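Everything on this sheet refers to the single structure shown next.
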Amino acid sequence: MSSAPPAGAAGYLLEVDGLVAGYAQPVVGPVSFRVGRGEVVGLWGANGTGKSTLINAIGHGARVFAGSIRQAPGLGVTYQEQVPVRLDGMPLTGRELLRYARADRQAPPASLAPLLGRRLDRLSGGQFQLLCVWSALATGADLVLLDEPTNNLDPPSEHLLQEILAAEQGLRAVLVVSHERDFLHACCSQVVEIA
Amino acid sequence: MGIELFVDPLFRLPLLAGLLVALVLPLVGALLRLQDEWLAALGFAHLAAASALAGLALQVPAVLGGPIGAAAGAAVKAVWGARGNTAYGFMILGGWAVTLLIANNTALGSAMGHALVDGQLYFAGTVHMAAAATLGALAAFALPWLMPRLVHARFFPRHEQANRLPAWRRRLGFDLLVALGMAVGTGTLGLMGAFALVFVPPWIAFRFAPSLRSTLILSAGLGAGTYLIAFLAALQLDQPFGPLLVAVLLLAGALAATARRCRP
Chain R
141 MSSAPPAGAA
151 GYLLEVDGLV
161 AGYAQPVVGP
171 VSFRVGRGEV
181 VGLWGANGTG
191 KSTLINAIGH
201 GARVFAGSIR
211 QAPGLGVTYQ
221 EQVPVRLDGM
231 PLTGRELLRY
241 ARADRQAPPA
251 SLAPLLGRRL
261 DRLSGGQFQL
271 LCVWSALATG
281 ADLVLLDEPT
291 NNLDPPSEHL
301 LQEILAAEQG
311 LRAVLVVSHE
321 RDFLHACCSQ
331 VVEIA
Chain W
5 MGIELFVDPL
15 FRLPLLAGLL
25 VALVLPLVGA
35 LLRLQDEWLA
45 ALGFAHLAAA
55 SALAGLALQV
65 PAVLGGPIGA
75 AAGAAVKAVW
85 GARGNTAYGF
95 MILGGWAVTL
105 LIANNTALGS
115 AMGHALVDGQ
125 LYFAGTVHMA
135 AAATLGALAA
145 FALPWLMPRL
155 VHARFFPRHE
165 QANRLPAWRR
175 RLGFDLLVAL
185 GMAVGTGTLG
195 LMGAFALVFV
205 PPWIAFRFAP
215 SLRSTLILSA
225 GLGAGTYLIA
235 FLAALQLDQP
245 FGPLLVAVLL
255 LAGALAATAR
265 RCRP
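One line per chain: the protein sequences are R and W, in this order. Just so we're aligned: the first sequence equals residues 141 to 335 in my numbering. Just so we're aligned: the second sequence equals residues 5 to 268 in my numbering.
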């Protein structure tokens, strides 16, 4: 996943056209948007509008009822779920998490450095969330899908995440789902509203 | 009798065969615990016991019958796409029923049934040693490939689906390793002895170890240490090995729990 794939026909890594997605029945759509190389695109909507279903459909985890999802050939995807997996007893350190995630594209921000030597089950919810988001961003994937990455984050951590995502503009494609409109406008190059 | 028992030629093969198993099973157990699937060990152990006895009825040696049945269970689980503790619950019930029915209806089965439950370590011979060595070699070969994939899939469960990557090789590979480990462990140390080695050392290590790497080292060390204590104690006290191994592991667990409560 380290080498970027050739772009799609129109130069986009991801093209969503008139997508209606759901599980047993449609939950969201129709929605259309495109994500190009180096774009950080936000998907905004109130709670319950089907944002997570939409991103799940892009990750091949939800049913497509109508419309289409086109990805550039060979596109490598990293998908960070809304609620990261966290067990009661989890003897992995932050450094081990990043290693197993193959998140070695660049060194983590200085503010994450103190977390790397600690066990994951001894981090706060916000610290763990931030580490998981970074583990998704620091892989060599061409497209990063982030579902509600501000969950559990306190204001300083949310601000740090804004800076991290803003720095990704021009470097890689990121699709961020969030119900926080201000956060998306602060870090995304484009925000798509889900009705 | 004392430390010289460890070098007595009579006990050398059983000691080494059991030690290999006691090193591998806690590693498998740590990975099972990481996935919250430790019940798999008991499921595969029951399948192995049942198929070992069924094999005896068909003139197949127990040391072959056990792994074949457990591996078949892993394959069926993979084909059906069954996952999690529900599948292992059915394995336990099926294996238990078949084991007891065969044990109650054949003379040889009855003796072997007791041996599988109690543990027959001191009767382990070259076949058991070969099975344990095969398990050790397979674990040494497979775990470096399996472990990063298992850990990655645990924390990023949508990754394979999002990239349309096949998950079956990882799942089947690990299930087969667990199945083989429990079959060899059940045939060598007894059903509950093998399960205790999968369950208790990782349970302790998960509470104390500062990292996954140290968890694996501590698990294997606890497995080997408690095994050696039980090996010596069973001979010294003339007790069945399986229950004594479980008792030593439980004692280690109780000490660990006490130490944790006493920590500031």
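Glycine included, C-beta positions come from ideal geometry on N, C-alpha and C. Quick caveat, the model's predicted, so the values are computed rather than measured.
Asked                                                                                                                                                                                                 : Found
Please work out which residues of its chain come closer than 6 Å, Cβ to Cβ, to W:V102, disregarding the five sequence neighbours upstream and downstream, and give them in chain order.               : A54
Any C-beta of chain R sitting closer than 9 Å to the C-beta of W:L241?                                                                                                                                : no
Residues of chain R with a CB under 7 Å from the CB of W:V155: which are they?                                                                                                                        : Y240
Round the Cβ separation of R:L256 and R:R235 to the nearest angstrom and send it over; I've been treating them as touching at under 8 Å.                                                              : 4 Å
Please confirm if W:L55 has its CB atom under 9 Å from at least one CB of chain R.                                                                                                                    : The sequence given here has Ser at residue 55 of chain W, not Leu. Closer than 9 Å: no.
Going by the CB atoms, is the gap between W:V28 and W:L104 shorter than 9 Å?                                                                                                                          : no
Alpha helix (DSSP H) containing W:T219: first to last residue?                                                                                                                                        : 216-241
Closest Cβ-Cβ distance between W:N89 and chain R: below 9 Å?                                                                                                                                          : no
So R:V217 contacts chain W; which residues on that side make the cut at Cβ distance below 7 Å?                                                                                                        : A166, N167
Tell me the residue span of the beta strand (DSSP E) that contains R:E333.                                                                                                                            : 330-333
Note down, in chain order, each residue of its chain lying with its Cβ closer than 7 Å to the Cβ of W:A256, except the 5 sequence neighbours on either side.                                          : V204, I208, L226, T230
Can R:A161 and R:G188 be called in contact, C-beta distance under 9 Å?                                                                                                                                : no
Which of the three DSSP states, helix, strand or coil, is assigned to R:V284?                                                                                                                         : strand
Tell me the DSSP secondary structure of R:Q269 in three-state form.                                                                                                                                   : helix
Taking 9 Å as the cut-off, decide whether the C-beta atoms of W:H50 and W:G99 are in contact.                                                                                                         : yes
Tell me which residues share the same chain as R:S297 and place their Cβ nearer than 6 Å to its Cβ, disregarding the 5 neighbours each side in the sequence.                                          : G266, L270
Quick check on W:F271 - is its C-beta less than 9 Å from some C-beta in chain R?                                                                                                                      : Shown here, chain W extends from 5 to 268; a query on residue 271 of chain W therefore has no answer.
Under a CB-based cut-off of 9 Å, is W:R217 close to chain R?                                                                                                                                          : yes
By Cβ distance below 8 Å, which residues in the same chain neighbour R:A144 in space, the five residues on each side in sequence not counted?                                                         : Only weak support is given to the placement of R:A144: the predicted model assigns it a pLDDT of 44, under 50, and the question is left unresolved by the model.
Does the beta carbon of R:R259 come closer than 9 Å to any beta carbon on chain W?                                                                                                                    : yes
Of the choices W:A76, W:G33, W:G177, whose alpha-carbon is the least far from that of W:F199?                                                                                                         : W:G33
Does the region 164-180 of chain W come into contact with the region 146-156 of chain W, if we say contact requires no fewer than three beta-carbon pairs (one atom in each stretch) closer than 8 Å? : yes
Compile a chain-ordered list of the residues in the region 195-213 of chain R whose CB is closer than 7 Å to at least one CB of chain W.                                                              : G199, H200, G201
Which two residues bound the contiguous alpha helix (DSSP H) that contains R:Q246?                                                                                                                    : No alpha helix (DSSP H) holds R:Q246; DSSP gives it neither H nor E.
Assuming R:G182 and R:C328 make a contact with CB atoms under 8 Å, what is their CB distance in whole Å?                                                                                              : 4 Å
Relative to chain R, which residues along the region 13-24 of chain W have a C-beta separation below 8 Å, given in chain order?                                                                       : none
Under 8 Å by Cβ, that's how I've got W:A74 and W:A183 pegged, so tell me the actual separation to the nearest angstrom.                                                                               : 4 Å
Name the residue from R:D294, R:L252, R:N291, R:L263 whose alpha carbon lies nearest to the alpha carbon of R:W274.                                                                                   : R:L252
Identify, in the order they occur along the chain, each residue of the same chain with its Cβ nearer than 7 Å to the Cβ of R:S142, setting aside the five sequence neighbours on each side.           : Only weak support is given to the placement of R:S142: the predicted model assigns it a pLDDT of 38, under 50, and the value that follows is read from those uncertain coordinates. Once the five neighbours on either side are set aside, the close Cβ partners of R:S142 are G280.
Residues in its own chain within less than 6 Å of R:A243 by CB, not counting five upstream and five downstream?                                                                                       : S275, A278, T279
Does W:R264 come within less than 9 Å of chain R when only Cβ atoms are used?                                                                                                                         : no
Among R:L315, R:A186, R:Q330, R:T290, whose alpha-carbon lies nearest the alpha-carbon of R:A197?                                                                                                     : R:L315
When you compare only the Cα positions, how much space is there between W:G22 and R:R245?                                                                                                             : 44 Å
So what does DSSP say about R:E303, is it helix, strand or coil?                                                                                                                                      : helix
Is W:F245 closer than 9 Å to R:T218 when the C-beta atoms are compared?                                                                                                                               : no
Using beta carbons (cut-off 9 Å, strictly below), is R:L232 in contact with chain W?                                                                                                                  : yes
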